[in-house]
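Undergrad:
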Amino acid sequence: MKQTKKDEVRRLLQKSYNYKTILTGTVTGKKKVGDKTYGVVLYQGTRCLLPPEEVDLSTESINDPIGALLGATIEFVVTDIQKDNVFISRKIAKQLRRIEFENNVKEGQIINGRVIGVSPKNVYVDAFGYEFGLTAKDVDYKWIHDMRERFKVGDSVKAKVISKNPPQISIKEATVTPWDKDPDRYKVGEQYVGKVVAVANLGIFIDLIEDGRQVLCPPMGLKTPVIGSTVVVLIKDIDKQQKKMWGDIVRVISEPRI
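So for the sequence shown, the numbering used here puts the first residue at 60; every next one is plus one.
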């Protein structure tokens, strides 16, 4: 008899139940069964139920762990198969991934992760059974105004393992930048054209036109150019190790039309 897709999905779910193989699905909603509210996880068209005690979010302050994962892609293991329902556990999948992390992953290795949450200042990445809350300094060498402009729940990301004990990762360290390709391109005392991309308490952030490297310039009060302005920057200092540059705005070439 020819096997249908539904039969194949059922076989994979049964395999996960028998051998603790890890599967991946998307949290698409909630469902109340009796007095308990479960997360609904869609796996290849089959709705699986995730009990709240099997969510295992590392942030204890979250009152609604299932709600926090809505839209996220998660890993799970099947714990029970009944006639009408398939029950799963994210907690067990995380435990298995952590064993794999300890035994097989090395510091300096590039690994894959999934974004399970985003706030203005943080992106939360699930990788090898750990949840990492990353700030801008862990994500990019450049200024990030709002993490929500860069990431969304469900995104796949690459990160470098900075430490195994405690587990620590960096998206920034896994990214190839213009600094890696040509660290000596810019010189102190020379002028370059750039575009204002952000104005913050720290100063004015300018992306250079040539390759997008960023320069931080001091605030200029009422003379501060608006975001989108094209300016000339005098380079005052360069830190190649930190991949940062500082400078002064010499003049404004043009401002964006309103």
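Even for Gly, the Cβ is constructed at its ideal location relative to N, Cα and C.
Considering Cα atoms alone, identify which of Phe187, Val212, Lys217 is closest to aspartate 197.
TA: Lys217
Undergrad: Counting only runs of 4+ residues fully inside the stretch 138-173, write out the alpha helix (DSSP H) ranges in chain order.
TA: 149-163
Undergrad: Mind checking which residues open and close the beta strand (DSSP E) that includes proline 226?
TA: 226-229 is the extent of the beta strand (DSSP E) around proline 226.
Undergrad: With 16 other CB atoms within 10 Å as the buried threshold, where does valine 188 fall?
TA: Sequence inspection shows glycine at residue 188; the valine mentioned does not correspond to that position. Buried: at least 16 other Cβ atoms inside 10 Å.
Undergrad: Run through DSSP, which three-state label would leucine 261 get?
TA: coil
Undergrad: In this structure, how does DSSP classify lysine 240 when only helix, strand and coil are distinguished?
TA: helix
Undergrad: Taking DSSP's pairing of strands, which residues face lysine 95 in a bridge?
TA: Val92
Undergrad: Taking the continuous beta strand (DSSP E) assigned at tyrosine 183, which residues delimit it?
TA: 182-186
Undergrad: Could you pull the start and end residues of the alpha helix (DSSP H) that leucine 116 belongs to?
TA: Careful: leucine 116 lies outside any alpha helix (DSSP H) and carries neither H nor E.
Undergrad: Compare the C-alpha of serine 229 against each of Asp239, Gly130, Lys150, Tyr200 and name the closest.
TA: For serine 229, the nearest C-alpha among the options comes from Tyr200.
Undergrad: Quick check: the Cα distance between isoleucine 170 and glutamate 159, rounded to an integer number of angstroms?
TA: 12 Å
Undergrad: For glycine 280, which three-state DSSP category applies?
TA: Three-state result, glycine 280: helix.
Undergrad: Alpha carbons only, please: which of Glu113, Gly262, Gln300, Ala233 is nearest the one belonging to lysine 219?
TA: Ala233
Undergrad: Pick helix, strand or coil for valine 68, following the three-state DSSP scheme.
TA: helix
Undergrad: Could you give the DSSP three-state label for aspartate 123: helix, strand or coil?
TA: DSSP, reduced to helix, strand and coil, places aspartate 123 outside both helices and strands of the structure shown, so it counts as coil.
Undergrad: For isoleucine 147, which option in Glu113, Gly126, Asn122, Gln154 has the closest C-alpha, if you only look at C-alpha atoms?
TA: Glu113
Undergrad: Quick one: what does DSSP say valine 198 is sitting in, helix, strand or coil?
TA: helix
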